[in-house]
Amino acid sequence: MLVAVSGGQDSVCLLHILAGLQGELGMKLHIAHLDHQLRGAESAADAQYVADLAHRLGIPATIEQRDVKAFKARQHTSLEEAAREVRYAFLAEVARSIGANRVAVGHTTDDHIETILMHLIRG
219 MLVAVSGGQD SVCLLHILAG LQGELGMKLH IAHLDHQLRG AESAADAQYV ADLAHRLGIP
279 ATIEQRDVKA FKARQHTSLE EAAREVRYAF LAEVARSIGA NRVAVGHTTD DHIETILMHL
339 IRG
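Below is the structure:
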């Protein structure tokens, strides 16, 4: 199972829960983290935190950077939409490369509501 880990509370909590259950459920985990290159040193610190966490938990990780601003300019979309599209394309690539048939992401209800509102506003 691929686990998307941003470094935030939601995804780190999800990772710890899945790490605790992986033996019982007979699954192997792989962490994916994408540095969107939007927050400078903060983004790099998040990537390092996820790398350190993966090492401590003994879980392999794929950590990459993508130029979301360039994608946004090419697609003429909002920064949030561009980041989401780039992130999910990255997760799909990693899942294919490791043979994962499941991807776990940590989203709160607020995240889901925000996405729905953005879609409603855009029409």
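Counting in the working numbering, the final residue of the sequence shown is number 341, and the numbers go up one at a time with none missing.
Ideal Cβ positions, reconstructed from N, Cα and C, are used throughout, including at glycine.
- The distance from the Cβ of Ala313 to that of Leu220 is about 5 Å, consistent with a contact at the 8 Å cut-off.
- The continuous stretches of alpha helix (DSSP H) do not include Leu252, which lies in the beta strand (DSSP E) extending over residues His248 to Asp253.
- The DSSP assignment places complete alpha helix (DSSP H) segments of no fewer than 4 residues inside the stretch 244-313 at 259-275 and 286-293, in order along the chain.
- In this structure, the alpha-carbon of Arg292 lies about 27 Å from that of Ala263.
- Between Ala222 and Leu297 the beta-carbon gap is near 19 Å, outside 8 Å, which marks them as no contact.
- In this structure, Gln240 lies away from Asp285, with their beta-carbon atoms at least 8 Å apart.
- The three-state reading of DSSP puts Ala318 in coil, since its state is none of H, G, I, E or B.
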